[in-house]
Amino acid sequence: MVALDIAQLVRSGQVEESRAERVQWLWNEIRRLKHDKHAFLPAHNYQVPEVQAIADTVGDSFELAVRARDVKARLVVFCGVRFMAEGCYTLAPDVPVYLPSQQALCSLAEMDADDLEERQEFLRSLGRKFATMTYVNTYASVKALSDVCCTSSNAVKIADRLGVPDLLFVPDQNLAYQVALQTRRMYLPPPEPHQFHPREYLARIEPLLREGERAGMVGNLFAWEGACHVHHQMTLADIAHIRQEDPEAVVIVHGEVKPELQQAADEVMSTSQMAKYVESHPEKKRLAILTECGLVVRLELEHPDRQFYKPCRLCEHMKAITLESVYETLRDEPAHCLVTVPEAVRQRAAAAMLRMIDLGA
Ligand code: SF4
């Protein structure tokens, strides 16, 4: 990642001129405290630029999970959302992990582990052998019930390498579609949220199971009913508008957008894949990137020679982390910001995460 300075952030409108002095002071203090306390600050791609600027590493959830496993620090202040901080603690439980805001949650991660157990039981009652593949955007209690985790950047590779034809894919229904498509599994759409009725669900999926068999698919993918509210609200009209305005622009969408948008886009990628794509394709001068705005803003700062259309959306959970809250957390190490997981749950969640790291390598 390119180092960001205060003049650049003011010029681009990311920091108001009246705040520039305060931001610079906070950066200096955070750097001093990081050094004195031997602290590590990972930041997700969706964090605001002034937070990314003082992070030790910036990446997507897979990259941050791998770095968390190897962390050698006295404490971690995680600039992301709660499931990521939990993931960091899950892989490195000897290092205290602090999350600067209690509001840094995730609409996708809010699913109930009991509901997952119920669905697993239902599939077993049908006599189906399946693996539960869980997106890292979940809490440890859900990961603990899973065979393997995945992120949007490695989900296809892991589904290919698992060696199990049928998958229960949790919780993102849109990423589930992309995985089914790319691994030649039959996509079995989820029930409506909180509307799982075994008999109705079975009646809906049975014809599709037969169709998949006839078509010689590798297996089936049972999708869960979750979605990221940020990506799920993007529409085909967002893409149509770009195509009309600039037919030459490359349209890249995140795997969490709805299937019809994935079909209409030029590329479907994770956030880190998007950043690498922009880096490695200097000839692509005009791009529309449909994901959370934090990544697009960073790409604009790093590549001023390109034009980025921004049909992006903000995630209020990611934006709950502010530079002030990072500073105060690092300074005070408040107990209420500590993120932990019960040990029995942590061990099972760690096994699913480590399997992801092994299979995704
Ligand atoms: S962008 Fe979506 S998946 Fe990411 S933290 Fe926000 S709500 Fe969760």
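Add 1 to a position in the sequence shown, counting from 1, and you land on the number used in my numbering.
For every residue, glycine included, the Cβ atom is placed at its ideal position computed from N, Cα and C.
Please report the distance separating the alpha-carbon of Ala216 from that of Ala224. By one-based count along the sequence shown, residue 216 stands at place 215. By one-based count along the sequence shown, residue 224 stands at place 223. Straight-line Cα distance between these residues: approximately 19 Å.
Pull up the distance between the alpha-carbon of Glu22 and that of Ala351, whole angstroms please. Taking the first residue of the sequence shown as 1, we reach residue 22 at position 21. Taking the first residue of the sequence shown as 1, we reach residue 351 at position 350. Taking C-alpha positions only, Glu22 is separated from Ala351 by approximately 42 Å.
Is DSSP giving Ile55 helix, strand or coil here? Here the question's residue 55 lines up with position 54 in the sequence shown. In this structure, DSSP gives Ile55 a state outside helix and strand, which the three-state scheme calls coil.
At a cut-off of 7 Å, would you count Met319 as near the ligand SF4, judging by its Cβ distance to the nearest heavy atom? In the sequence shown, counting from the first residue as 1, residue 319 sits at position 318. Yes - the ligand SF4 has a heavy atom lying nearer than 7 Å to the Cβ of Met319.
Look up Phe123 in the DSSP assignment and say whether it is helix, strand or coil. As a first step, residue 123 must be located in the sequence shown, where it is residue number 122. DSSP, reduced to helix, strand and coil, places Phe123 within a helical segment of the structure shown.
Is His337 near the ligand SF4, with its Cβ less than 7 Å from a heavy atom? For the purposes of this step, residue 337 is taken as residue 336 along the sequence shown, with counting starting at 1. For His337, the shortest C-beta to heavy atom distance toward the ligand SF4 is 7 Å or greater.
The alpha helix (DSSP H) with Val157 in it runs from where to where? Here residue 157 corresponds to residue number 156 of the sequence shown, with the count starting at 1. Bounds of the alpha helix (DSSP H) holding Val157 are Ala156 to Arg162.
Whole alpha helix (DSSP H) runs in the segment 225-252 with 4 or more residues, listed along the chain? When DSSP assignments are scanned along the segment 225-252, the uninterrupted stretches of alpha helix (DSSP H) that are 4 or more residues long and fall wholly within it turn out to be 230-233 and 237-246.
Span of the alpha helix (DSSP H), counted from its first residue to its last, around Pro260: Position 259 of the sequence shown holds residue 260. Element bounds for Pro260: Pro260 to Ala265.
In whole angstroms, give me the CA-to-CA distance for Gly14 and Met319. On the sequence shown, residue 14 is found 13 positions in, with the first residue counted as 1. On the sequence shown, residue 319 is found 318 positions in, with the first residue counted as 1. Straight across, the Cα-Cα distance linking Gly14 with Met319 is about 19 Å.
Could you give the residue range of the beta strand (DSSP E) that holds Phe309? Here residue 309 refers to the residue found at position 308 when the sequence shown is read from its first residue. Start and end: Gln308 to Tyr310.
Could you pull the start and end residues of the beta strand (DSSP E) that Ile290 belongs to? Here residue 290 corresponds to residue number 289 of the sequence shown, with the count starting at 1. For Ile290, the enclosing beta strand (DSSP E) starts and ends at Arg287 to Leu291.
Below 8 Å, can you find three or more Cβ-Cβ pairs linking the segment 331-340 to the segment 88-99? Of all C-beta pairs linking the segment 331-340 to the segment 88-99, three or more are shorter than 8 Å, placing the two stretches in contact.
Identity of the residues DSSP links to Arg314 by a beta bridge: Here residue 314 corresponds to residue number 313 of the sequence shown, with the count starting at 1. According to DSSP, Arg314 bridges with Glu293.
Taking 7 Å as the cut-off, is the CB of Leu203 close to at least one heavy atom of the ligand SF4? Locating residue 203 in the sequence shown gives position 202, where the first residue counts as 1. With a cutoff of 7 Å, Leu203 does not count as near the ligand SF4, since its C-beta is closer than that to no heavy atom of the ligand.
Kindly list the residues whose CB is nearer than 7 Å to the CB of Val254, restricted to its own chain and excluding five residues on each side of it in sequence; keep chain order. The residue you call residue 254 lines up with position 253 of the sequence shown. Only Leu262, Gln263, Ala266, Val269 and Leu291 meet the Cβ criterion.
Can you tell me whether His282 is buried or exposed, with buried defined as 16 or more other CB within 10 angstroms of its CB? Residue mapping note: residue 282 aligns to position 281 of the sequence shown, counting from 1. Label assigned to His282: exposed.
For the alpha helix (DSSP H) that Cys89 lies in, which residues bound it at each end? Here residue 89 refers to the residue found at position 88 when the sequence shown is read from its first residue. Segment Arg83 to Leu92, the alpha helix (DSSP H) holding Cys89.
First through last residue of the alpha helix (DSSP H) which encompasses His36: Sequence index remark: in the sequence shown, residue 36 carries index 35 (1-based). DSSP places His36 in the uninterrupted alpha helix (DSSP H) bounded by Ala21 to Lys38.
Enclosing beta strand (DSSP E) for Arg186 [first to last residue]: Here residue 186 refers to the residue found at position 185 of the sequence shown. Run containing Arg186: Arg186 to Leu189, per the beta strand (DSSP E) assignment.
Report buried or exposed for His36, applying the criterion of at least 16 other Cβ atoms within 10 angstroms of its Cβ. Here residue 36 refers to the residue found at position 35 of the sequence shown. Under this definition His36 is an exposed residue.
For Tyr47, verify whether its CB is less than 7 Å away from any heavy atom of the ligand SF4. Taking the first residue of the sequence shown as 1, we reach residue 47 at position 46. Checking every heavy atom of the ligand SF4 against the Cβ of Tyr47, one is found closer than 7 Å.
Helix, strand or coil for Asp173? Go by DSSP, reduced to three states. By one-based count along the sequence shown, residue 173 stands at place 172. In this structure, Asp173 counts as strand in the three-state DSSP scheme.
Three-state class that DSSP yields for Tyr140 in the structure shown: For the purposes of this step, residue 140 is taken as the residue at position 139 of the sequence shown. In the structure shown, the three-state DSSP call for Tyr140 is coil.
Compare the Cα-Cα distances from Gln183 to each of Ser153, Ile243, Tyr310 and Met354 and report the closest residue. By one-based count along the sequence shown, residue 183 stands at place 182. Of the candidates Ser153, Ile243, Tyr310 and Met354, the one whose C-alpha sits nearest the C-alpha of Gln183 is Ser153.
Where do the N-terminal and C-terminal ends of the beta strand (DSSP E) with Leu324 fall, by residue? Translated into positions along the sequence shown, residue 324 becomes position 323. For Leu324, there is no enclosing beta strand (DSSP E); the residue is found in the alpha helix (DSSP H) stretching over Leu324 to Asp333.
Can you give me the start and stop residues for the alpha helix (DSSP H) that Thr346 sits inside? As a first step, residue 346 is located in the sequence shown; it is residue number 345 there, counting from the start. In the sequence on display, residue 346 carries Val and not Thr. Glu344 to Gly361 is the span of the alpha helix (DSSP H), which, as asked, contains Val346.
At which residues does the alpha helix (DSSP H) containing Val149 begin and terminate? Working through the sequence shown from its first residue, we reach residue 149 at position 148. It is not in any alpha helix (DSSP H) - Val149 instead sits in the beta strand (DSSP E) that spans Val149 to Cys151.
In three-state DSSP terms, what is Phe63? The residue given as residue 63 occupies position 62 in the sequence shown. In the structure shown, Phe63 falls within a helical segment according to DSSP collapsed to helix, strand and coil.
Give me the Cα-Cα distance between Tyr202 and Leu189, rounded to the nearest whole angstrom. Indexing the sequence shown from 1 puts residue 202 at position 201. Indexing the sequence shown from 1 puts residue 189 at position 188. Distance between Tyr202 and Leu189, taken at the CA atoms: about 10 Å.
For my contact list, Cys80 and Leu124 are in at a C-beta cut-off of 8 Å; report their separation, rounded to the angstrom. Walking along the sequence shown from the start, residue 80 turns up at place 79. Walking along the sequence shown from the start, residue 124 turns up at place 123. By a beta-carbon distance limit of 8 Å, Cys80 does not contact Leu124. Their separation comes to about 37 Å.
Residue range of the alpha helix (DSSP H) that Leu203 falls in? Counting from 1 along the sequence shown, the entry for residue 203 is found at position 202. Pro199 to Arg215 is the span of the alpha helix (DSSP H), which, as asked, contains Leu203.
Return the first residue and the last residue of the beta strand (DSSP E) that Glu280 is part of. As a working note, residue 280 is residue 279 in the sequence shown. Per DSSP, Glu280 lies in no beta strand (DSSP E) segment; the continuous alpha helix (DSSP H) that holds it begins and ends at Thr272 to Ser281.
For Ala362, is the classification buried or exposed, using 16 other Cβ atoms within 10 angstroms of its Cβ as the cut-off for buried? Residue numbering aside, residue 362 sits at position 361 when the sequence shown is read from its first letter. By the neighbour-count rule (16 or more Cβ atoms within 10 Å), Ala362 is not buried but exposed.
Pairwise C-alpha distance: Asp359 and Glu64: Mapped onto the sequence shown, residue 64 falls at position 63. Mapped onto the sequence shown, residue 359 falls at position 358. So the alpha carbons of these two residues sit roughly 13 Å apart.
Under a Cβ-count criterion, where at least 16 other Cβ atoms within 10 Å of its own Cβ denotes burial, should His39 be classed as buried or exposed? Within the sequence shown, numbered from 1, the residue matching residue 39 stands at position 38. His39 comes out exposed.
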